[in-house]
Amino acid sequence: MTTEEANNRGFNFAAVSFAAALGIGFAAAVPSEDELVHKVDEATIPLVASALVVWYLTGRHKYSRSVIPIAAVALTLIIKLIWFGVEFNDQADRGDDLGLSIVLGAFFMILSWTYFRRTSSLKPAPGRSSTS
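Going by my numbering, the sequence shown opens with residue 167, and the numbers climb by one from there.
Here's what the structure looks like:
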């Protein structure tokens, strides 16, 4: 494994483990929901998280530099914001959508910054060769 593959694996693992933890937490909340619409709302996060875990574990994806983890977090955030709009009149269900949207937004920004910042940090300094 190269240094770049190890860095990619660490980045992908961090994103996937966070999504999996959210997925497990919200999967536990599905049975306690009273309406079918609310069950569907809570089930979307585990579905996206499961897809991301499958992506991570298949092939050599865990070693690749990919925007898939960022896209999965963005998709989850978009889904939560849509459900926030759908359930806006339901005071009890609105709170978890708003809170989770804030957490997902922060995580999306952290992942994006880490992903795009890494590119410049891997380049050699001016005047230095990559072999020195």
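For every residue, glycine included, the Cβ atom is placed at its ideal position computed from N, Cα and C.
Note that the structure is a prediction, hence the values are computed from the model and not measured.
Please classify residue i as buried or exposed, where buried requires at least 16 neighbouring CB atoms within 10 angstroms.
i, result
"valine 233", "exposed"
"asparagine 255", "exposed"
"proline 197", "exposed"
"phenylalanine 179", "exposed"
"valine 182", "buried"
"glutamate 138", "The chain is shown only over 167 to 298; residue 138 falls outside these bounds and no answer can be derived."
"glycine 189", "buried"
Between the alpha carbons of residue i and residue j, how many angstroms are there, rounded?
i, j, result
"alanine 187", "histidine 227", "20 Å"
"aspartate 200", "leucine 243", "23 Å"
"alanine 215", "glutamate 208", "12 Å"
"threonine 210", "asparagine 174", "26 Å"
"serine 230", "leucine 218", "14 Å"
"arginine 283", "alanine 193", "33 Å"
I'd like the span of the alpha helix (DSSP H) that includes residue i, first residue to last.
i, result
"valine 214", "202-223"
"valine 233", "Premise fails: valine 233 is in no alpha helix (DSSP H) and is neither H nor E."
"arginine 175", "169-195"
With respect to 6 Å, is the separation between the Cβ of residue i and the closest non-hydrogen atom of the ligand MG below this value?
i, result
"leucine 213", "This structure does not include the ligand MG; it has no bound ligands of any sort."
query = Below 8 Å, can you find three or more Cβ-Cβ pairs linking the stretch 236-246 to the stretch 266-285?
reply = yes
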